[in-house]
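Position in the sequence shown (from 1) plus 89 gives the number in this note's numbering. This report concerns only the one structure given below.
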Amino acid sequence: MAHFLSFVAFATAIAVAPGPDTFLTLRNTVIGGRARGLWTTLGIGVAGATQGVLAAAGLGAIIARSEPVFQTIRWLGVAYLIYLGVMALRTAIKARGEGWAMTPEATPRSPRRSFRQGFLCNITNPKVLAFNLAVLPQFAGPGTGMLTLLAYALTLTIVGTIVLLA
């Protein structure tokens, strides 16, 4: 139990550090309202849980050790973050002089789009997978079963989701 509480404290410290997921959630909340922020957070949470399950199942290690697969995921993440940045700049340029007024193009069109943005932002971030692969074993002892690893991975996702919702 002490290991688990240490993990929760560590996960909380990591979750409060801002990153692409935090900025995307803030962006979508500001331009689309609370509901869009919640859908973005849900997408991030589902992607985080997916990566945690993959890491616990050992597939994450296979991806991390396969340089072509890892680099593909990495560059997809870079491309997606660039795309989000370009879209934000485009929206800012179009809205120049309008203050905080929202243009229709600035607002994510649907909950599905907000969810997809959150999911893609997290799932294409190789740091999430690397974190799961590097940190989970530190809190798991010898002979730790897959269910315990899953519990740790999902705890990380839950803590991250709670921080994004705060």
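For glycine and all other residues, C-beta sits at the position ideal for the given N, C-alpha and C. Only a predicted model underlies this, so the values are computations on that prediction, with no experimental measurement involved.
| said: Using 8 angstroms as the threshold, is the C-beta distance between Ala138 and Thr246 below it? | reply: Working through the sequence shown from its first residue, we reach residue 138 at position 49. Working through the sequence shown from its first residue, we reach residue 246 at position 157. Taking 8 angstroms as the Cβ cut-off, Ala138 and Thr246 qualify as a contacting pair.
| With DSSP run on the structure shown, which of helix, strand or coil describes Met90? | Here residue 90 corresponds to residue number 1 of the sequence shown, with the count starting at 1. Here Met90 sits in coil by DSSP.
| Which residue's Cα is closest to the Cα of Asn214: Leu254, Val158 and Gly121? | As a working mapping, residue 214 is identified with position 125 in the sequence shown. Here the closest residue by C-alpha is Val158.
| said: Pop quiz: Phe208 and Ala136 are said to be a contact at Cβ under 8 angstroms. What is the actual Cβ separation, rounded to whole angstroms? | reply: Locating residue 208 in the sequence shown gives position 119, counting from the first residue. Locating residue 136 in the sequence shown gives position 47, counting from the first residue. Between Ala136 and Phe208 the Cβ distance is about 5 angstroms, and since that is below 8 angstroms, they are a contact.
| Nonlocal neighbours in the same chain, by C-beta distance under 6 angstroms from Trp128, ignoring five residues either side | One-based indexing of the sequence shown puts residue 128 at position 39. Cβ within range, chain order: Pro200, Ser203 and Phe204.
| field | Reduced DSSP secondary structure (H/G/I, E/B, other) of Gly108 | value | Taking the sequence shown and counting its residues from 1, the one referred to as residue 108 is at position 19. In the structure shown, Gly108 sits in coil (DSSP, three-state: anything other than H, G, I, E or B).
| field | Minimum Cβ-Cβ distance from Tyr241 to chain C less than 8 angstroms | value | Given the protein chain composition of this structure (a single chain), no chain C is represented.
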